[in-house]
Every structure is written in structure tokens, then in C-alpha cells.
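Numbering (the working numbering), first residue to last: 2 to 195. See below for the structure under consideration.
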Amino acid sequence: MARLILSFMVLVSTGAAQGESRVMCQEAFAKTIAVQQIEYLRRAYARATDQIGLGDEASVEAGRAVYRTIFAKDATFAVTGPETSPLSADGPDGWVDVVLGALGPMGPTQHLIGTQLVDIESITFDSDCQVTDGRASMESYVQAWHDTTDEQVWLFIGTYLDEVVFTPGVGWQIKHMELRRVTGEMRPMAAAAS
2 MARLILSFMV LVSTGAAQGE SRVMCQEAFA KTIAVQQIEY LRRAYARATD
52 QIGLGDEASV EAGRAVYRTI FAKDATFAVT GPETSPLSAD GPDGWVDVVL
102 GALGPMGPTQ HLIGTQLVDI ESITFDSDCQ VTDGRASMES YVQAWHDTTD
152 EQVWLFIGTY LDEVVFTPGV GWQIKHMELR RVTGEMRPMA AAAS
């Protein structure tokens, strides 16, 4: 009988331990999903920015719709770094105006997002392991190619530094974005160089 009780106690404690590890595993999995969702904010931004850069009304509105999804309504924006004119804006629509003003006079652009590092600063889960609150920071490298009207390509190399928040019913959004220029150059296009 003692052996049966001991076996039952081991089974119960093993089940509890497995249950605890299962919950931790779910939270680890949910945190991994959160990191991926945060990274996709910047990727969606790159595509939306290229749309806005086309300058036609439909493309600008398509980009604006994405900005309104990935940025908080009260998001703030800043451009910093060497050889830049400091720029800032408030709200997604304010940033659309800045982007359109900067890219509109050019031809097509392509914003390529490279290395991304996300640091979850805080995250809260409900009993179903769903995120209910959170804060994170994200750093993303960017190479942005800009076709200019004088048969040159302007290459911008920089880093996006984002503060990200989770809002219930909305999801992860960028609350503050800093675009920090690292370097850049003008290059002749292949047709112009030959």
C-alpha cells in the first residue's frame, strides 16, 4: 500500500511539474510569436513606404492604411544622424506627409530591412496565454534604394529604433520611431554608367 501511495504521489507531482512546464512552454511560445509580430511591423512599414513613394493617390492611400495599422495613433517620429536635416512628425498621417515630401519627387524606392533585434521589456499573458499588455524595443537595419530623376540611385543606410506597445483589441504597434542615418551615397545607375 505504501508503494502504491508513493507511486501516486510521484505521478501527481510529475503531472504538476509537467503542467507547470507546459504553461511555461506556452508562454515562451507566445513570447516568440510576439517577437515575430513585432518584427513584421517594420517589414510592413518598408512595403508601405515604397507604396507612398510612388506618389499616386491610390498608392499613397494604401501606404497610409498600413501606417495606421502599424503605428499607434499618437506615435512620434524622428530622423537623426550625420548629414541629415532633423525631421519629426506626430501620428501616422503626419509621417505620411513627411515620407511623401521626401520620396515623392524621386522615382521608385525599395526599403530593405536587414538585421532585426527585439527586446521584450515587459509582457503580460492571460490564463489562455494570450498577450494582454506589453512593451518592447526593436532595432532594424535598413538599406533604402531611391531612384532619382538624374539617372542615379541614392543609397541610404541606417537603423530604425522603435518603441513598441501592445494594446488589447489592437495588438502590437510602434509608439515611437527614430530613423538614424549611418551613411549613404549617390551611385550611377547601370544604364547611365555604361
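We put the beta carbon where it would ideally sit given N, CA and C, even for glycine. These numbers were taken from a predicted model, which means no experiment stands behind them.
Over what stretch of residues does the alpha helix (DSSP H) that includes residue i continue unbroken?
i, result
"E58", "E58 to I71"
"D94", "G92 to L104"
Where do the N-terminal and C-terminal ends of the beta strand (DSSP E) with residue i fall, by residue?
i, result
"G159", "Q153 to T168"
"V171", "That residue, V171, is in no beta strand (DSSP E); it is neither H nor E in DSSP."
"E84", "Taken as a continuous stretch (DSSP letters only), E84 belongs to no beta strand (DSSP E), as it is neither H nor E."
Going by C-alpha distance, which of the options is nearest residue i?
i, options, result
"A144", "L118, E186 and K176", "In the sequence on display, residue 144 carries Gln and not Ala. Checking every option, the nearest Cα to that of Q144 belongs to E186."
"L101", "V61, D120, I71 and S128", "V61"
"Y142", "D120, I114 and D148", "I114"
"I39", "G82, A191 and Y161", "Y161"
"L55", "H147, M190 and P83", "H147"
"G82", "A191, T184 and M190", "T184"
"I34", "I158, T150, G159 and V119", "V119"
Between which residues of its own chain and residue i is the CB-CB distance below 6 Å, once the five residues before and five after are set aside?
i, result
"R65", "V97"
"D163", "M139, I175 and M178"
"V80", "L88 and L180"
"A73", "Q174 and K176"
"A63", "Q52"
"G105", "G56"
"V67", "A45 and A49"
"A193", "Low confidence applies to A193: its pLDDT is 48, below 50, so where it sits in the model is not reliable, and the reading given next is rough at best. The answer, listed in chain order, is E152."
Does residue i come out as helix, strand or coil in the three-state DSSP assignment?
i, result
"Q117", "strand"
"T149", "coil"
"Q131", "coil"
"G108", "coil"
"L180", "strand"
"L42", "helix"
Go through its chain and collect everything with a Cβ distance to residue i's Cβ below 7 Å, but skip five positions before and after it.
i, result
"H112", "A47, T50, D51, V143 and A145"
"D127", "T133"
"S123", "G135 and R136"
Tell me which same chain residues have a C-beta within less than 8 Å of the C-beta of residue i, skipping the five on either side of it?
i, result
"G172", "Q38"
Sorry if obvious, but does the Cβ on residue i come closer than 7 Å to a heavy atom of the ligand GDP?
i, result
"I71", "Judged by which ligands are present, the structure shown has none, so any question about the ligand GDP falls away."
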